[in-house]
Each structure stands twice: as structure tokens, then as C-alpha cells.
Amino acid sequence: DTEVTQTPKHLVMGMTNKKSLKCEQHMGHRAMYWYKQKAKKPPELMFVYSYEKLSINESVPSRFSPECPNSSLLNLHLHALQPEDSALYLCASSQERSGGSSYNSPLHFGNGTRLTVT
Amino acid sequence: QKEVEQNSGPLSVPEGAIASLNCTYSDRGSQSFFWYRQYSGKSPELIMSIYSNGDKEDGRFTAQLNKASQYVSLLIRDSQPSDSATYLCAVLSNQFYFGTGTSLTVIP
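Line by line, the protein sequences give chains U and F. Read in order, the letters of the first sequence correspond to residues 1 to 118 in the numbering used here. Read in order, the letters of the second sequence correspond to residues 1 to 108 in the numbering used here.
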């Protein structure tokens, strides 16, 4: 059982839709991440929140909009996506963003949301 | 130069054999190293963390780290068909960097 919970597990959306992906962790971690993973590729970093503040945005298109309502929750708002955005979207958490005092904290991933854009 | 490099494989080993997975990294300042297992269609699962030079054993898994050579490896002893997956090496420096993964198939 994962301690990082993502919903929904699967999502199919049209290019004009607006949807949101949700992530929740109860491990007391202060850093939360969104990754995108295409088939047979490693996870690709999108956003990092550290202490509820956006600390890294890896030049992600504005059709992806992250939100961190509190230290346990992370959302990813989706609007006007393209078919090439279809992928597995992974949420992860760690005790601290890399570079902080908890330098040895691994990433803990949720089960992911399989997104298909039609 | 890629931050983290792995042989993409595929790597095939017979059941009961030792599988050896290798990873090199470019940032000498990296402090923390992780191995993740990812089954097809699933999310990565942490299986090993290693922070200092030498070997670290956990059940059938042994991680080896050599910071001078910037090399980290994962040995899986007594490989089982259930070990068939992609193994991702991750290195933590200023952020997490992932290798491209090595696909392992254990043949019954």
C-alpha cells in the first residue's frame, strides 16, 4: 500500500476539457512533486513544492497549473491539453526538497494517474 | 553528458541467477543514491537507498556505491520471475536525477 494517494487512477479528457489530478500524503513530508512519465522513459520532473511554495517549475506549459493547498495536498489542474500530453502522471513526496537538511530523503511515489487526451 | 546513465538492456537472466544492474553519475557532489523498481504500467517503488561507499544488503538485494568512480550498482541474488521489471537508478544532488532504466527479465 502506498502512503501517497493519487486520484483518479485513470482519466480520459478531450482537448477542451478542464480537469484536476489530486495527490495526498500523510507522511509529514514537506516537499511534493509532480512528474510526467511516457512509456519506456524515466519520470520527467514538472514541479516541486517545498513548504507549500512552488520552488521548481521545469518550463512546463501553462496548460498545466499546480496548486498546493496545504502540506498534505497537491493538485494539478489541466486545461486545453494536447494528445501528446497523454502519459502517466506521478505525484511524489520527500522529507525535504533536495538541497535541504534532509539530503538523504528518497522520493515516495503515488500510484499515478494514467491520463489519455483525445 | 547525461547526469545519470544506465544500460537500457534488456537484461535477461535465468531464474536463480544473480542480476547485476549498473549506474554511473556525473555530479561528484551527489550524496544520496536510490534504486527503484517499476513494473509495467505501475509507479516506481523504492527498493534500496545508499549513502556511503561500500555495500548495503537488504534481503536478496545488495547496493554497491563507489563515489570515487561515480558508480552505483544493484545486485539481485536468486532472481525470481517476479523481479522482472524496469530498474531506475536515481541520484540526489541539487535535485533528483533518474537514469533511463534497465529492463530486467528473469526467465523461469
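Quick reminder that beta carbons are idealized off the backbone N, C-alpha and C, glycines included.
Alpha-carbon to alpha-carbon, residue j and residue i
{"i": "Tyr33(U)", "j": "Pro66(U)", "result": "10 Å"}
{"i": "Ser30(F)", "j": "Tyr36(F)", "result": "17 Å"}
{"i": "Thr116(U)", "j": "Leu11(U)", "result": "6 Å"}
{"i": "Tyr51(U)", "j": "Ala31(U)", "result": "6 Å"}
{"i": "Thr7(U)", "j": "Ala68(F)", "result": "42 Å"}
{"i": "Gln95(U)", "j": "Gly28(U)", "result": "7 Å"}
{"i": "Ser79(F)", "j": "Ser32(F)", "result": "26 Å"}
{"i": "Ser12(F)", "j": "Gly101(F)", "result": "14 Å"}
{"i": "Phe61(F)", "j": "Leu45(U)", "result": "27 Å"}
{"i": "Gln25(U)", "j": "Leu73(U)", "result": "7 Å"}
{"i": "Ile56(U)", "j": "Phe109(U)", "result": "18 Å"}
{"i": "Lys9(U)", "j": "Met15(U)", "result": "19 Å"}
{"i": "Ser49(F)", "j": "Gln70(F)", "result": "16 Å"}
{"i": "Ala90(F)", "j": "Cys23(U)", "result": "22 Å"}
{"i": "Ile18(F)", "j": "Gly54(F)", "result": "19 Å"}
Contact list for residue i against chain U, beta-carbon separation under 7 Å
{"i": "Tyr51(F)", "result": "Asn104"}
{"i": "Pro10(F)", "result": "Within chain U, no residue comes near Pro10(F); the closest Cβ sits about 11 Å away, beyond 7 Å."}
{"i": "Leu21(F)", "result": "Result: empty, since nearest Cβ-Cβ is about 14 Å, beyond 7 Å."}
{"i": "Leu88(F)", "result": "Pro42"}
Buried/exposed call for residue i, threshold 16 Cβ in 10 Å
{"i": "Leu81(U)", "result": "buried"}
{"i": "Ala39(U)", "result": "exposed"}
{"i": "Ser93(F)", "result": "buried"}
{"i": "Gln37(U)", "result": "buried"}
{"i": "Ser40(F)", "result": "exposed"}
{"i": "Leu113(F)", "result": "Outside the displayed range of chain F (1 to 108) lies residue 113(F), so it cannot be described from this structure."}
{"i": "Asp83(F)", "result": "buried"}
{"i": "Thr86(F)", "result": "buried"}
{"i": "Thr24(F)", "result": "buried"}
{"i": "Ser43(F)", "result": "buried"}
Contacts that residue i makes with chain U (C-beta to C-beta distance below 9 Å)
{"i": "Gly101(F)", "result": "Lys40, Lys41, Pro42"}
{"i": "Phe34(F)", "result": "Pro106, Leu107"}
{"i": "Leu46(F)", "result": "Pro106, Leu107, His108, Phe109"}
Neighbour list for residue i in chain F, Cβ cutoff strictly below 8 Å
{"i": "Leu45(U)", "result": "Gln95, Phe96"}
Integer-rounded CB distance, given that residue j should sit under 8 Å from residue i
{"i": "Val157(U)", "j": "Ser93(U)", "result": "With chain U running from 1 to 118 in the structure shown, residue 157(U) is simply not present."}
{"i": "Pro43(U)", "j": "Leu76(U)", "result": "Contact doesn't hold; Cβ gap of about 14 Å is too wide."}
{"i": "Leu78(U)", "j": "Ser20(U)", "result": "7 Å"}
{"i": "Gly9(F)", "j": "Leu88(F)", "result": "Actually they do not touch by this definition, with Cβ atoms about 12 Å apart."}
{"i": "Phe47(U)", "j": "Leu54(U)", "result": "7 Å"}
Residue interval of the beta strand (DSSP E) (run including residue i)
{"i": "Tyr25(F)", "result": "19-25"}
{"i": "Gly54(F)", "result": "54-58"}
{"i": "Pro69(U)", "result": "64-70"}
{"i": "Pro43(U)", "result": "Segment: none, Pro43(U) is in no beta strand (DSSP E) and carries neither H nor E."}
{"i": "Val117(U)", "result": "113-117"}
{"i": "Asn66(F)", "result": "61-66"}
{"i": "Pro14(F)", "result": "11-14"}
{"i": "His10(U)", "result": "10-13"}
Listed by chain order, chain F residues near residue i by CB distance under 9 Å
{"i": "Gly28(U)", "result": "Those within 9 Å of Gly28(U) in chain F number zero; the least Cβ separation is about 17 Å."}
Where residue i meets chain U, residues with beta-carbon distance less than 8 Å
{"i": "Leu65(F)", "result": "What Leu65(F) touches in chain U: nothing, since even the nearest Cβ is about 13 Å away."}
{"i": "Ser43(F)", "result": "Thr2, Leu88, Leu90, Phe109, Gly110, Asn111, Gly112"}
{"i": "Leu74(F)", "result": "Chain U residues near Leu74(F): none, gap ~14 Å exceeds 8 Å."}
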